[in-house]
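In the working numbering, the protein residues as written are 1 to 267.
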C-alpha cells in the first residue's frame with residue numbers, strides 16, 4: 001500500500017500541474033527537477049501569466065501552483081486590499097491575483113535577488129504594487145542572513161546582528177497603511193522566517209484591528225513561541241479570530257468577517 005501511495009501521489013500532483021500550468025510547462029518542471037539551474041526560466045501559462053523562477057532554489061515555491069493551497073470563500077465579496085509580506089518571487093501574489101483579479105495587491109520582499117524575479121512576475125499587472133524592504137516593528141535597517149550555501153535552499157532570516165553584508169531598510173505595516181491610504185487590509189499573508197515575533201509586539205496595536213484575515217506560516221521553527229505571541233497580540237487588542245489550519249499555515253479570520261478558509265487544487 002505504501003508503495004502504491006508513493007507512486008500515486010506524484011502522479012496526482014503532476015496531473016494537477018498539467019491542468020493548472022499546461023503539459024509543456026509540467027514537462028519543463030520535471031526536467032528542471034533533475035537538471036536544476038540557477039538561471040531564471042519562464043513558464044508561460046494561460047491561467048497565471050508568465051511565471052519566472054530559478055529551478056535550483058525556487059522549485060518548492062513553484063509547487064504552490066500544483067499542490068493543495070489555501071482558498072478563501074468570500075461569498076462573492078471581492079477583497080479590496082491584499083498585503084503579501086515575504087512575497088519571495090511572487091508565487092502567492094500570482095495566486096491571489098488569479099483568485100481575486102480586481103483586488104489591489106501590495107507585495108513586500110526584502111531580498112534583492114528574489115525581488116528582481118518578483119518584478120518580472122508582476123510586470124504589466126497594474127493592480128500589484130511591490131516594495132523592496134523588510135517588515136519590522138519600526139523604520140530601521142536590518143541584515144539578511146542567507147543560508148543558501150549551508151542548505152542548498154533559498155531561505156532568509158532578518159536579523160539585527162551587526163556586520164552582516166546584506167543590509168536592507170525596513171518599513172512597518174502601519175507605514176504601508178498610511179502611505180497607500182488604506183482603511184483596512186482584507187487579506188494579510190505573512191511569511192517572514194521568524195520575524196513574526198517582532199511585528200506582533202506592542203506595535204501591532206497600530207494596525208491589527210484593520211485586518212480581516214491573516215494567513216501565516218507557523219513561525220515557531222524559526223522563532224520559538226512566536227505563535228504564542230500572535231495569540232497574545234489578539235488578546236491584548238480585544239480581538240477574536242476564527243482559526244483554521246491548512247498544511248503549515250494558520251488562517252485567522254476576524255469574528256466580524258463571514259469569510260471561510262477552504263482548499264483549492266484546480267484553477
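Every residue gets a Cβ at the ideal spot worked out from N, C-alpha and C, and that includes glycine.
First through last residue of the beta strand (DSSP E) which encompasses residue i
i, result
"residue 217", "211–217"
"residue 244", "241–246"
"residue 262", "260–264"
"residue 252", "249–254"
"residue 84", "81–85"
"residue 24", "Where residue 24 is concerned, there is no enclosing beta strand (DSSP E), although the alpha helix (DSSP H) it sits in stretches over 23–34."
Through-space distance from residue j to residue i, alpha-carbon basis
i, j, result
"residue 151", "residue 112", "Confidence at residue 151 is low in this model, with a pLDDT of 40, below 50, so the placement of that residue should be treated as unreliable; the coordinate-derived value is given next. Whole-angstrom Cα-Cα distance: 19 Å."
"residue 234", "residue 166", "33 Å"
"residue 265", "residue 10", "14 Å"
"residue 121", "residue 262", "26 Å"
"residue 183", "residue 177", "7 Å"
"residue 248", "residue 73", "19 Å"
"residue 210", "residue 43", "36 Å"
"residue 40", "residue 94", "17 Å"
"residue 49", "residue 168", "30 Å"
"residue 154", "residue 51", "Bear in mind that the predicted position of residue 154 carries a pLDDT of just 44, short of 50, making it unreliable; the figure below should be weighed with that in mind. So the alpha carbons of these two residues sit roughly 18 Å apart."
"residue 295", "residue 241", "Since the first and last residues shown for the chain are 1 and 267, residue 295 lies out of range."
"residue 56", "residue 45", "20 Å"
"residue 206", "residue 194", "20 Å"
"residue 139", "residue 181", "18 Å"
"residue 179", "residue 23", "42 Å"
"residue 119", "residue 125", "10 Å"
"residue 103", "residue 81", "6 Å"
"residue 148", "residue 267", "Because residue 148 carries a pLDDT of 47, less than 50, the predicted location of this residue cannot be relied on, and the following value inherits that uncertainty. Spanning the two alpha carbons is a distance of roughly 32 Å."
"residue 212", "residue 259", "9 Å"
"residue 185", "residue 53", "28 Å"
Buried or exposed by the 16-neighbour rule on C-beta atoms within 10 Å, applied to residue i
i, result
"residue 221", "exposed"
"residue 83", "buried"
"residue 225", "exposed"
"residue 133", "buried"
"residue 252", "buried"
"residue 37", "exposed"
"residue 189", "buried"
"residue 87", "buried"
"residue 135", "buried"
"residue 200", "buried"
Rounded distance between the beta-carbons of residue j and residue i, thought under 8 Å
i, j, result
"residue 106", "residue 131", "7 Å"
"residue 117", "residue 85", "At roughly 17 Å, the Cβ-Cβ gap does not stay under 8 Å, so residue 117 and residue 85 are not in contact."
"residue 215", "residue 70", "6 Å"
"residue 137", "residue 203", "4 Å"
"residue 20", "residue 66", "6 Å"
"residue 239", "residue 254", "7 Å"
"residue 275", "residue 62", "Outside the shown range of the chain, which is 1 to 267, sits residue 275, and nothing can be said about it."
"residue 58", "residue 89", "6 Å"
"residue 208", "residue 237", "5 Å"
"residue 101", "residue 144", "Wrong, their Cβ atoms sit about 32 Å apart, outside the cutoff."
"residue 173", "residue 196", "Not a contact, Cβ separation roughly 12 Å."
"residue 142", "residue 170", "6 Å"
Where the alpha helix (DSSP H) containing residue i begins and where it ends
i, result
"residue 113", "112–121"
"residue 291", "Outside the displayed range of the chain (1 to 267) lies residue 291, so it cannot be described from this structure."
"residue 60", "55–62"
"residue 91", "91–99"
"residue 172", "Note, residue 172: premise wrong, no alpha helix (DSSP H); not H, not E."
"residue 228", "226–236"
Secondary structure of residue i, DSSP reduced to three states
i, result
"residue 134", "strand"
"residue 39", "coil"
"residue 152", "Summary for residue 152: the model assigns pLDDT 40, below 50, so the residue's position carries little reliability; its value from the coordinates is reported in the next sentence. Coil at residue 152, not helix or strand."
"residue 192", "coil"
"residue 15", "helix"
"residue 143", "strand"
"residue 105", "strand"
"residue 181", "coil"
"residue 202", "helix"
Closer than 6 Å: residue i CB and nearest the ligand FAD heavy atom
i, result
"residue 126", "What this structure holds is no ligand at all, so the ligand FAD is not there to describe."
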